[in-house]
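Residue numbers (this note's numbering): 98 to 465.
By construction, the Cβ of each residue, glycine as well, lies at the ideal position given by its N, Cα and C atoms.
Quick caveat: nothing in here was measured; it's all calculated off a predicted structure.
A short worksheet on the structure shown next.
Right, here's the structure in full:
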């Protein structure tokens, strides 16, 4: 929303349920002819069937048999991170039988892309420590051995974290209910007075699009995450902070990274859609279809590994629960941390927690 982008489902007018051809709605050809590129972020999480639906809608809209209606596509993502979401056993069975895998490169349209080019970025920016980078790359590629695992598991401490160590350390969990329970438990233990902030909504906005909690309960002393980039560049989306003071329409927080005290006001996220500029047929304009106004904060003693993807933290506590159940889950969790010293484990990792999908490895090796 902050870059005036749209979700795939919003732009292509797809319903939230399982898609069929009857769900296709043509997009204005005049609008699409004004597009230079269609850029899709987090391509690793786009399912094969969804990419085929995108292709079919673009062919229908452009009245063309070319892949994606002849429009150039630019995809960004790390395939070694979390895979596409599959909501049911029925969907899993369907994807396996029709495509062989849920990944975008198993789609029918991908087989028609004879000029596909893979550009691999190899420089690591989040971590600087070569030892940590080496271990993460071994986990990423499923090349880790017992000696490597021992190095990672040295970050497991049997004693509880001290108060100082626990400050600004975010607990990464496999399950949303675990993260929610931790946040509510930590909030309840604060003796300070709670304030409730209710979001203001207008226009067309589905609850799945809410960028923050509709009802936000905060207390002084609570650890929170900022949910937007600061225009003054004091914090970014994902920064951690501690609440100092609460007022009716503003919250004072102390930032983890700089220690600076800043006041955070409610922010309005706008839901937009693209349409042709009627006064200039060669350009595109945006139309605001809805808005959501709330303090750009969320409780952040804990967050799911899934929600942490794309974020960077100085101190984390990784809790794999009963064990990793997704490809790339352990890699995503561990690689959120900037240093090996900042990493703590709730329990030692097992080799079975390191899961890399060989179909990803084969795809990357084929196009390198």
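Suppose you measure from the CA of residue i to the CA of residue j; what does that come to, to the nearest Å?
i, j, result
"residue 98", "residue 370", "For residue 98, the pLDDT reaches just 46, beneath the cut-off of 50, and the residue's location in the model is therefore unreliable, leaving the point undetermined."
"residue 440", "residue 166", "47 Å"
"residue 169", "residue 163", "11 Å"
"residue 446", "residue 420", "8 Å"
"residue 140", "residue 422", "21 Å"
"residue 272", "residue 297", "29 Å"
"residue 122", "residue 319", "45 Å"
"residue 328", "residue 288", "33 Å"
"residue 321", "residue 337", "6 Å"
"residue 111", "residue 188", "17 Å"
"residue 147", "residue 108", "13 Å"
"residue 455", "residue 303", "37 Å"
"residue 251", "residue 244", "11 Å"
"residue 249", "residue 232", "8 Å"
"residue 398", "residue 172", "33 Å"
"residue 317", "residue 179", "34 Å"
"residue 344", "residue 418", "37 Å"
In or out: residue i buried (at least 16 other Cβ within 10 Å) or exposed?
i, result
"residue 118", "exposed"
"residue 291", "exposed"
"residue 300", "exposed"
"residue 293", "exposed"
"residue 104", "exposed"
"residue 416", "buried"
"residue 462", "exposed"
"residue 356", "exposed"
"residue 220", "exposed"
"residue 215", "exposed"
"residue 324", "buried"
"residue 432", "buried"
"residue 391", "buried"
"residue 194", "exposed"
"residue 358", "exposed"
"residue 197", "exposed"
"residue 403", "buried"
"residue 450", "buried"
"residue 137", "buried"
"residue 342", "exposed"
"residue 353", "buried"
"residue 182", "exposed"
"residue 124", "buried"
So the alpha helix (DSSP H) residue i belongs to, where does it begin and stop?
i, result
"residue 188", "186-195"
"residue 426", "426-432"
"residue 284", "273-285"
"residue 129", "126-130"
"residue 226", "Careful: residue 226 lies outside any alpha helix (DSSP H) and carries neither H nor E."
"residue 468", "Given that the chain is displayed from residue 98 to residue 465, the structure contains no residue 468 and the question cannot be resolved."
Where does residue i fall in DSSP's three states?
i, result
"residue 353", "coil"
"residue 389", "strand"
"residue 98", "Reliability of the predicted coordinates at residue 98 is poor, the pLDDT of 46 falling under 50, and the value obtained from them is presented with this limitation in mind. Residue 98: coil per DSSP, three-state reduction."
"residue 167", "helix"
"residue 417", "coil"
"residue 111", "coil"
"residue 400", "strand"
"residue 118", "helix"
"residue 240", "coil"
"residue 294", "strand"
"residue 365", "strand"
"residue 253", "strand"
"residue 394", "strand"
"residue 221", "coil"
"residue 182", "coil"
"residue 303", "coil"
"residue 437", "coil"
"residue 327", "coil"
Could you check where the beta strand (DSSP E) with residue i kicks off and where it finishes?
i, result
"residue 315", "312-315"
"residue 154", "First-last for residue 154: 145-159, but that is the alpha helix (DSSP H), not the beta strand (DSSP E)."
"residue 298", "297-300"
"residue 140", "No beta strand (DSSP E) contains residue 140, which DSSP labels as neither H nor E."
"residue 320", "320-323"
"residue 442", "440-442"
Could you tell me which residues DSSP puts in a beta bridge with residue i?
i, result
"residue 360", "349"
"residue 268", "399 and 414"
"residue 340", "350"
"residue 384", "370"
"residue 172", "137"
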